[in-house]
Amino acid sequence: MKEQNISVKYKKYVVISSFLICLLFLSTKNGNINHAQIINPPNKIFCSVANKEYTYNFKISDKLIGTGEVNLSVENNEIKGTAVGFAMTDQCEKIDFLTDIMGLVDTANGDIKVSVNGKGQPQGILLPGKVSFEGPLKGSLHEKTIRLKGNVNIKGGLARIAGFKNKEDLTIEITDTSLARSLNQVQNKKNLALYN
76 MKEQNISVKY
86 KKYVVISSFL
96 ICLLFLSTKN
106 GNINHAQIIN
116 PPNKIFCSVA
126 NKEYTYNFKI
136 SDKLIGTGEV
146 NLSVENNEIK
156 GTAVGFAMTD
166 QCEKIDFLTD
176 IMGLVDTANG
186 DIKVSVNGKG
196 QPQGILLPGK
206 VSFEGPLKGS
216 LHEKTIRLKG
226 NVNIKGGLAR
236 IAGFKNKEDL
246 TIEITDTSLA
256 RSLNQVQNKK
266 NLALYN
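According to my numbering, the sequence shown holds residues 76 to 271 in order.
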């Protein structure tokens, strides 16, 4: 009789234990899925464009035009780069420029927001001095190019002599199509992931 009671109790213990183990397994399985979704939500796709040089054109209002190369990289939607180039004004045939670029790329819609900080060294003129500019630019993908625009602060005595105001419009157009193509691919992958 005692052995029967022990056997019944043992069977109940085994059934309850099995039930609890199954319940624990199911809750752990669901917990892992939710945890993975939190770590890698579908709308945060990793965006990466390798460090590479791209050709670009730039102008400040209608007073200065130039061209050069910009070394850019995009990682986790952060865009960083350094641009070199030269420009011309009516008063000076060559101004060497060096510009730092930092900002964000919204891979969902192609919008770009950057800040620029640059210096220019006029060549072949008697007056020594440098000009500098800094400010925010906004832009987006335009077919096969990237265009950035904004008002920048311009400093330097030579800039005043050349007729530049304290604030002027700056336009940068990256004409190398490979950057726009890379960002388009990232944008398409992100949109595809959002709809799946």
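Even glycine gets a Cβ: it sits at the ideal position worked out from N, Cα and C.
Bridge-paired residues (DSSP) for E209: Looking at the DSSP assignment, E209 forms a beta bridge with N192, N228.
Own chain residues within Cβ distance below 6 Å of D171, not counting five before or after: Apart from sequence neighbours up to five positions away, the residues of its chain that approach D171 with a beta-carbon distance below 6 Å are F161, Q196, ordered along the chain.
DSSP state of S257 mapped onto helix, strand, coil: Correct three-state label for S257: helix.
For D186: DSSP bridge partner residues: DSSP output for D186 lists D181, S215 as bridge partner(s).
Neighbourhood of S136 by C-beta distance below 7 Å, restricted to the same chain and skipping five residues each side: Excluding sequence neighbours, S136 sits near E243, D244.
Contact under 8 Å by Cβ, V124 with L258: Yes, these two residues count as a Cβ contact at 8 Å.
Distance between V261 and N271 (C-alpha atoms, nearest Å): Note that N271 scores a pLDDT of 46, beneath 50, so its modelled location is shaky; the value from the coordinates is reported in the next line. If you take the alpha carbons of N271 and V261, they lie about 16 Å apart.
Whole-Å CB distance - G193 paired with T174, under 8 Å assumed: The C-beta distance from G193 to T174 rounds to 3 Å, short enough to meet the 8 Å contact threshold.
Residues bridged to I154 (per DSSP): In DSSP, I154 forms a bridge with V149, G178.
Buried or exposed (CB count within 10 angstroms, at least 16 for buried), G156: Classification for G156: buried.
First and last residue of the uninterrupted beta strand (DSSP E) at L201: For L201, no beta strand (DSSP E) run applies, since DSSP gives it neither H nor E.
Buried versus exposed, by CB contacts within 10 Å (16 or more), L201: Taking every protein chain shown into account, the CB of L201 has fewer than 16 other CB atoms within 10 angstroms, so this residue is exposed.
C-beta contact flag for V189 and L216 at 8 Å: The Cβ-Cβ distance between V189 and L216 does not fall below 8 Å.
Simplified DSSP assignment, three categories, for P117: Caution applies to P117, whose pLDDT of 40 falls short of 50 and renders its modelled position unreliable; the model cannot decide the point.
Residues that E243 bridges to, as DSSP identifies them: Paired residue(s): V227.
Three-way DSSP call (helix, strand, coil) for A52 in this model: Residue 52 lies beyond the residue range present for the chain, which begins at 76 and ends at 271; the question has no answer from this structure.
Presumed contact (8 Å Cβ cut-off) between N132 and T250, rounded CB distance: Their Cβ separation, rounded to whole angstroms, is 6 Å, which keeps N132 and T250 in contact under 8 Å.
Near the ligand MN: M177 beta-carbon under 7 Å from a heavy atom: Absence of the ligand MN from the depicted structure is noted, as is the absence of any ligand whatsoever, leaving it without description.
For Q112, three-class secondary structure by DSSP: Any reading at Q112 must be qualified, since the residue scores a pLDDT of 39, below 50, and its modelled position is unreliable; no value is offered.
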